Amino acid sequence: ILDLQRHGATPCETVTRLLDAHIADIDSKLADLRTLRRSLVHARRAAHESRRRGENAVVCRIIEHGHDTA
81 ILDLQRHGAT
91 PCETVTRLLD
101 AHIADIDSKL
111 ADLRTLRRSL
121 VHARRAAHES
131 RRRGENAVVC
141 RIIEHGHDTA
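Note that the numbering used here gives residue 87 to position 7 of the sequence shown, counting from 1, and the numbers run on in steps of one.
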C-alpha cells in the first residue's frame, strides 16, 4: 500500500479489496461457528433427553454415540 502511495497511486481501492477479503473471511468463520454451536446444542439436548428418559451411559451419551460436534 505504501509503494502504491509512493508511486502516486491512491491505495483506496487496494485497501477496500483487502477489507472486503477480511470481511468475507470473518463472515465465513462466523458461519462455521454458528454451525458448530447448533451441533453442540443438539448434542447437549440429546444427552439431556436421554438422561431424562432414564437411559444410563457408561461414560457419556455424547461420547458413546459419537455425536458429530465438529
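Just so it is clear, CB atoms sit at the ideal spot from N, CA and C, and this is done for glycine as well.
All values reported here derive from a predicted model rather than from experimental measurement.
| query | result |
| --- | --- |
| So what's residue 89 in DSSP terms, helix, strand or just coil? | coil |
| Buried or exposed: residue 127, going by 16 or more other Cβ atoms within 10 Å of its Cβ? | buried |
| Just confirm the distance between the C-beta atoms of residue 81 and residue 94, as a whole number of angstroms; I'd bet it's less than 8 angstroms. | 6 angstroms |
| Going by the CB atoms, is the gap between residue 98 and residue 152 shorter than 9 angstroms? | This structure does not reach residue 152, given that the chain is present from 81 up to 150, and the question cannot be answered. |
| What is the DSSP secondary structure of residue 114, counted as helix, strand or coil? | helix |
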